[in-house]
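Structure, as structure tokens:
Numbering (the UniProt record's numbering), first residue to last: 1 to 124.
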């Protein structure tokens with residue numbers, strides 16, 4: 001089964017997140033102009049949907065800040081940022097100090113924000 005291809009963009013001037021769903025139905029022919037126009041503009045940061053959902057069913061995008069909750073004797077709560085890793089051709093989650101990256105285990109994560117709207121989450 002193929003994953004759904006979706007994008008969102010952070011409007012640097014309007015300070016708001018814009019999702020492809022906001023434009024109504026878009027098929028692949030619609031996505032190419034959206035992607036090209038967004039890449040050509042310095043007023044947007046583009047993020048792709050990973051095809052995964054967090055433990056609450058919320059879609060995970062690049063740039064999301066997630067909290068890992070690993071159910072063991074003592075739950076580990078670890079914040080990470082979702083990013084695209086070129087050398088592995090996949091989305092991964094990195095710790096805030098960037099010392100550890102790993103594949104996304106969506107059953108154990110919860111989205112708590114994103115790097116554009118909730119930057120303060122990274123310092124908590």
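Beta carbons are placed, not taken as given, at the ideal position from N, Cα and C, and that holds for glycine.
What residue range is occupied by the uninterrupted beta strand (DSSP E) comprising residue 51?
44-53
Give every residue of the same chain whose Cβ lies closer than 8 Å to the Cβ of residue 45, excluding the five residues on either side of it in the sequence, and list them in chain order.
If the five residues before and after residue 45 are omitted, its C-beta is found closer than 8 Å to the C-beta atoms of 9, 10, 12, 63 and 116, all from its own chain and listed in chain order.
Quick one: what does DSSP say residue 56 is sitting in, helix, strand or coil?
Three-state DSSP puts residue 56 in coil, outside helix and strand.
Report the rounded CA-to-CA distance for residue 90 versus residue 54, giving the unit in angstroms.
17 Å
When the Cα atoms are used, what is the spatial distance from residue 121 to residue 21?
26 Å
In this structure, how does DSSP classify residue 17 when only helix, strand and coil are distinguished?
strand
I need the straight-line Cα distance from residue 87 to residue 47, nearest angstrom please.
18 Å
Evaluate residue 80 with the Cβ neighbour count: other Cβ atoms within 10 Å of its Cβ, from every protein chain shown; 16 or more gives buried, anything less gives exposed.
buried
Near residue 4, what residues of its chain come up, given a Cβ to Cβ distance below 7 Å and the 5 sequence neighbours on each side ignored?
49 and 51
Can you check which of these residues, 65, 71 and 2, is closest to residue 93 by C-alpha distance?
Of the candidates 65, 71 and 2, the one whose C-alpha sits nearest the C-alpha of residue 93 is 65.
In whole angstroms, give me the CA-to-CA distance for residue 84 and residue 71.
26 Å
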